[in-house]
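Have a look at the structure below, then the notes.
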Amino acid sequence: MVSPISIPDNAPFTPEQRQWLGEFIGKLLARPAAEPAGPPLPVTVLFGSQTGTAEGLAKKLVKTLKKGNFEPNLQDMSTYDRERLAKEKNLLIITSTYGDGEPPDSALEFHTWLMSDAAPTLAEVNFSILSLGDSSYPDFCQCGIEFDNRLAELGANRIYPRVDVDVDVDVPYAEWSQAVIAVLAPAASVVAANGAPADEIEEVGFSKKRPFPSAVLANYNLNGPGSKQTNHIVLSLESSGISYEVGDALGVFPENPACVVDEIIAALPFKAGDVPTSTGEEVPLREALLRHYDIGNINKTVITKWQKRSGSPFLRSLVEADDKQAWEDFCWGRDLIDLVLDHPADFTDGEDFVSVLKKLQPRLYSIASSPAAHPGEVHLCVGIVRYDSHGRKRGGICSTYLGDRLTGDSKPGVFVHHNNAFRLPADGGVPVIMVGPGTGIAPFRAFLEERKATGAKGKNWLFFGNPHEATDFLYGTELEAFRKEGVLNRMDLAWSRDQKQKIYVQDLMLKEGAAMWEWLQDGAAFYVCGDASRMAKDVDAALHTIAREHGKLSAEEAAAYIAQLKRDKRYLRDVY
Ligand SMILES: Cc1cc2nc3c(=O)[nH]c(=O)nc-3n(C[C@H](O)[C@H](O)[C@H](O)COP(=O)(O)OP(=O)(O)OC[C@H]3O[C@@H](n4cnc5c(N)ncnc54)[C@H](O)[C@@H]3O)c2cc1C
Ligand SMILES: NC(=O)c1ccc[n+]([C@@H]2O[C@H](COP(=O)([O-])OP(=O)(O)OC[C@H]3O[C@@H](n4cnc5c(N)ncnc54)[C@H](OP(=O)(O)O)[C@@H]3O)[C@@H](O)[C@H]2O)c1
Ligand SMILES: Cc1cc2nc3c(=O)[nH]c(=O)nc-3n(C[C@H](O)[C@H](O)[C@H](O)COP(=O)(O)O)c2cc1C
Numbered sequence: 025m026v027s028p029i030s031i032p033d034n035a036p037f038t039p040e041q042r043q044w045l046g047e048f049i050g051k052l053l054a055r056p057a058a059e060p061a062g063p064p065l066p067v068t069v070l071f072g073s074q075t076g077t078a079e080g081l082a083k084k085l086v087k088t089l090k091k092g093n094f095e096p097n098l099q100d101m102s103t104y105d106r107e108r109l110a111k112e113k114n115l116l117i118i119t120s121t122y123g124d125g126e127p128p129d130s131a132l133e134f135h136t137w138l139m140s141d142a143a144p145t146l147a148e149v150n151f152s153i154l155s156l157g158d159s160s161y162p163d164f165c166q167c168g169i170e171f172d173n174r175l176a177e178l179g180a181n182r183i184y185p186r187v188d189v190d191v192d193v194d195v196p197y198a199e200w201s202q203a204v205i206a207v208l209a210p211a212a213s214v215v216a217a218n219g220a221p222a223d224e225i226e227e228v229g230f231s232k233k234r235p236f237p238s239a240v241l242a243n244y245n246l247n248g249p250g251s252k253q254t255n256h257i258v259l260s261l262e263s264s265g266i267s268y269e270v271g272d273a274l275g276v277f278p279e280n281p282a283c284v285v286d287e288i289i290a291a292l293p294f295k296a297g298d299v300p301t302s303t304g305e306e307v308p309l310r311e312a313l314l315r316h317y318d319i320g321n322i323n324k325t326v327i328t329k330w331q332k333r334s335g336s337p338f339l340r341s342l343v344e345a346d347d348k349q350a351w352e353d354f355c356w357g358r359d360l361i362d363l364v365l366d367h368p369a370d371f372t373d374g375e376d377f378v379s380v381l382k383k384l385q386p387r388l389y390s391i392a393s394s395p396a397a398h399p400g401e402v403h404l405c406v407g408i409v410r411y412d413s414h415g416r417k418r419g420g421i422c423s424t425y426l427g428d429r430l431t432g433d434s435k436p437g438v439f440v441h442h443n444n445a446f447r448l449p450a451d452g453g454v455p456v457i458m459v460g461p462g463t464g465i466a467p468f469r470a471f472l473e474e475r476k477a478t479g480a481k482g483k484n485w486l487f488f489g490n491p492h493e494a495t496d497f498l499y500g501t502e503l504e505a506f507r508k509e510g511v512l513n514r515m516d517l518a519w520s521r522d523q524k525q526k527i528y529v530q531d532l533m534l535k536e537g538a539a540m541w542e543w544l545q546d547g548a549a550f551y552v553c554g555d556a557s558r559m560a561k562d563v564d565a566a567l568h569t570i571a572r573e574h575g576k577l578s579a580e581e582a583a584a585y586i587a588q589l590k591r592d593k594r595y596l597r598d599v600y
């Protein structure tokens with residue numbers, strides 16, 4: 025008996041085509057693995073990735089393809105030779121989306137070129153796209169969507185519909201990769217006889233699927249009284265077998281605040297019983313709302329499902345108008361509790377209620393320690409998100425869990441998110457410039473510890489900024505010590521609110537532009553970490569100015585110089 029596979033809803037097919045394709049691929053997948061026949065099929069797997077997820081999947085896909093009669097070729101968009109594009113036979117793209125619907129840094133140049141008139145016709149190219157994203161952002165999977173549309177516009181042949189992935193990559197990746205492999209070359213299929221993909225072997229050790237319950241060894245506020253709250257958190261990795269490198273991030277599974285969970289349950293129109301979780305187990309509703317479902321920020325998907333069960337005329341008009349700005353205006357600063365209280369809905373039972381909710385997702389934090397300096401530990405620097413909106417005091421789910429709700433017995437579930445796109449130079453002699461205001465300091469504390477532990481000879485220059493020197497000099501004592509020891513050769517500090525006029529890190533960069541240009545000419549690598557929406561953009565603009573003013577380059581030459589820095593992995597960003 026052959027079961028058809030489900031074709032994604034976003035596919036540009038009619039229902040009949042979707043059914044046909046589903047049955048066709050289902051049949052291919054059900055065939056026993058055949059002996060390879062003929063020459064191996066060339067397949068280029070091209071990825072665009074900011075924090076390593078797309079890169080990891082691309083590598084996994086290449087590994088799988090190698091088991092079949094394929095000749096896979098892994099390519100990073102940042103270094104991909106565009107001249108090859110029109111000659112590709114089979115092109116599988118995996119990309120994420122960043123910023124406000126923008127390509128990840130590594131894909132930016134390729135994306136700009138592909139969208140321009142310079143892009144060639146691609147009549148000979150077969151392609152399919154796996155687009156990673158997060159539906160909490162208004163421009164969900166925008167980068168993958170743009171690649172998909174543009175390749176088709178240039179005449180390429182879409183062999184399998186684009187799959188848009190909403191945060192959880194495992195299942196959609198497995199379905200997409202199986203399907204494209206089946207479509208590309210049935211005879212070379214690597215699907216095992218039992219139907220399980222060859223690379224779906226149970227992971228050993230701790231991972232996102234099996235987080236490590238980590239003891240909290242220290243947790244304290246780095247800011248002084250009267251300021252914001254940024255916690256230094258030390259977690260134990262003892263006996264976990266987990267290893268990490270500086271530049272990696274730590275994933276943390278949060279718990280929702282019990283007081284808000286109880287407020288939600290008290291307002292629901294049914295008696296709380298057991299409900300299913302995404303892993304299939306049944307747990308009491310309270311437990312499910314504490315640990316399994318997202319009761320924080322709401323989005324279009326949640327509201328659309330909610331509206332079907334609510335008589336709210338406001339929600340109906342919001343859904344019917346489907347206006348991007350109106351969605352953003354309504355969702356900003358509102359959580360599930362606002363729907364529960366202001367737009368009550370009818371749910372048959374707890375199962376119906378949780379079917380509307382998103383899964384509670386882990387948050388990533390740039391690791392602030394070097395394993396060489398702190399064996400068996402991992403350190404984080406977490407800004408606690410608090411704000412008032414719509415008459416309520418609110419907080420970020422994970423940062424307030426870490427900052428407010430951990431107890432002596434808490435063991436938050438953690439995993440390492442490897443990020444090869446944010447590494448120290450392999451050659452310790454290469455100078456390093458680091459720009460990390462606020463919590464952006466996190467990976468640079470780790471970098472400095474690592475450079476010290478490895479005895480790296482390269483010079484180190486840090487730009488740090490925060491509102492006030494007296495209260496907000498995160499890791500000030502340690503940084504001063506690095507300075508005295510000669511590990512930190514230069515440190516420029518931007519105290520934004522210690523004087524009338526704001527001073528930001530990019531102002532100090534511009535002031536020190538001549539020296540910065542010299543460091544860059546000496547081969548320095550340039551790193552940025554912290555706020556993506558404003559700081560990272562302004563720092564990028566300052567870098568262009570420095571290249572123009574001190575390198576005597578035109579605007580175009582400066583842009584080309586900086587693009588080359590990125591290609592050479594000398595301009596790396598960890599921004600959020
Ligand atoms: C690779 C990476 C590395 C990171 N490293 C760090 C790090 O080292 N340190 C760190 O602190 N964070 C870091 N972050 C950010 C971190 O992952 C979380 O996003 C952050 O802690 C907020 O999560 P939360 O669960 O507390 O907030 P959430 O519950 O996710 O809420 C945040 C949301 O609250 C809403 N919101 C926030 N402020 C307001 C406001 N004023 N008005 C209205 N609505 C508002 C917004 O919708 C915002 O998106 C990193 C992120 C990434 C992707
Ligand atoms: N995506 C997320 O989920 C998420 C979660 C947490 C934090 N964040 C972001 O990450 C950032 C880190 O938070 P944080 O509290 O550690 O630090 P922060 O808010 O970035 O502040 C650090 C310093 O940067 C300054 N700054 C403000 N605008 C700037 C700009 N355009 N260019 C350069 N510097 C600028 C601030 O000055 P002033 O404040 O005096 O203007 C402050 O002195 C926050 O900005 C926040 O937006 C994002
Ligand atoms: C700062 C930031 C901005 C993001 N912006 C978007 C966005 O606009 N649209 C979207 O669909 N996903 C967005 N995402 C989600 C990422 O695309 C998603 O997490 C993806 O899996 C990351 O893959 P990568 O690690 O390969 O870069 C954003 C994530 C971050 C941290």
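Note that my numbering has the sequence shown beginning at 25, numbered continuously upward.
Positions of the beta carbon are idealized from the N, C-alpha and C atoms, including for glycine.
query	result
Count the other CB atoms, across all protein chains shown, that sit within 10 Å of the CB of Lys324; report buried if there are 16 or more and exposed otherwise.	buried
According to DSSP, is Ala392 part of a helix, a strand, or is it coil?	coil
From the DSSP output, which residues share a beta bridge with Phe439?	Gly275
Beta carbon of Thr325: closer than 7 Å to some heavy atom of ligand 1?	no
Where Asp451 and Asp562 are concerned, what is the direct C-alpha to C-alpha distance, given to the nearest angstrom?	29 Å
By DSSP's criteria, Cys422 is part of a beta bridge. Which residues make up the other side?	BP columns for Cys422 are empty, so no partner.
Using only alpha-carbon positions, find the residue among Val599, Pro449 and Ile465 that is nearest to Gly482.	Pro449
Roughly how far, in whole angstroms, is the beta-carbon of Leu45 from the beta-carbon of Val67, given that I think they are within contact range, below 8 Å?	So it is not a contact: roughly 20 Å between Cβ atoms.
Per the DSSP calculation, Arg597 is bridged to which residue(s)?	Val552
Is it true that the CB of Ser578 sits closer than 8 Å to the CB of Glu474?	no
Look at Leu65 and Ala82 and say whether their C-beta atoms are less than 8 Å apart.	no
Where does the unbroken beta strand (DSSP E) through Cys405 begin, and where does it stop?	Glu401 to Gly407
In chain order, which continuous runs of the alpha helix (DSSP H) of length 4 or greater are located wholly inside the stretch 498 to 581?	500 to 509, 529 to 535, 537 to 545 and 559 to 574
Can you tell me the Cα-Cα spacing of Ile527 and Tyr197, whole angstroms?	45 Å
Using a strict less-than 5 Å threshold between each residue's beta carbon and the heavy atoms of ligand 1, what residues do you get?	Thr75, Ala273, Gly320, Asn321, Gly357, Arg387, Leu388, Tyr389, Ser390, Val406, Gly407, Val409, Tyr411, Ser413, Gly420, Ile421, Cys422, Ser423, Thr463, Ala466 and Tyr600
Helix or strand or just coil, what does DSSP make of Tyr585?	helix
Out of Ala291, Ile289 and Pro308, which has the shortest C-alpha to C-alpha gap to Asp298?	Pro308
Mind listing, in chain order, the continuous beta strand (DSSP E) runs of no fewer than 3 residues lying wholly within the stretch 88 to 172?	94 to 100, 114 to 119 and 150 to 157
If we call anything under 8 Å between Cβ atoms a contact, is Met101 one with Gly125?	no
For Lys548, which residues in the same chain have their Cβ closer than 6 Å to its Cβ, ignoring the five residues on either side in sequence?	The sequence shown places Ala at residue 548, rather than the Lys named in the question. Counting only Cβ-Cβ distances below 6 Å, and skipping sequence neighbours, we find Pro455 and Ile457.
Nearest CA to the CA of Arg182: which residue from Asp163, Leu208, Phe164 and Thr303?	Leu208
Measuring alpha carbon to alpha carbon, tell me which residue in Lys535, Arg469 and Gln523 is nearest Met507.	Before going further, note that residue 507 is Arg rather than Met in the sequence given. Looking at the Cα atoms, Arg469 is the closest of the given residues.
Would you grab the beta carbon distance between Ala110 and Thr145 for me? Rounded to a whole angstrom, and I think it's under 8 Å.	7 Å
When DSSP labels each residue in this structure, what does Glu177 get in the three-state scheme?	helix
In the DSSP assignment, find the unbroken alpha helix (DSSP H) run with Tyr317 in it and report its ends.	Careful: Tyr317 lies outside any alpha helix (DSSP H) and carries neither H nor E.
If we count the other Cβ atoms within 10 Å of its Cβ and call it buried at 16 or more, is Ser201 buried or exposed?	buried
Looking at Lys252 and ligand 5, is the gap between the Cβ and the nearest heavy atom below 7 Å?	Of the ligands one can find in the structure shown, namely ligand 1, ligand 2 and ligand 3, none is ligand 5.
Which residues in the same chain as Ala477 place their Cβ atom closer than 7 Å to its Cβ, once the five residues preceding and following it in sequence are excluded?	Ser394, Ala396 and Ala397
Would you check if the distance between the CB atom of Pro467 and the CB atom of Ser379 is smaller than 8 Å?	no
I need the DSSP call for Pro13, collapsed to helix, strand or coil.	As displayed, the chain neither begins before 25 nor continues past 600, which places residue 13 out of reach and without an answer.
Kindly indicate which three-state DSSP category Lys417 falls into: helix, strand or coil?	strand
Could you check what DSSP says for Arg387 in three-state terms: helix, strand or coil?	strand
From what residue to what residue does the alpha helix (DSSP H) around Ile288 run?	Ala282 to Ala291
Helix, strand or coil for Ser607, going by three-state DSSP, please let me know.	As shown, the chain starts at 25 and ends at 600. That puts residue 607 outside it, with no answer to give.
Taking Cβ to Cβ, would you say Asn114 is nearer than 8 Å to Asn150?	yes
Alpha carbons only, please: which of Glu504, Phe277 and Val364 is nearest the one belonging to Thr424?	Phe277
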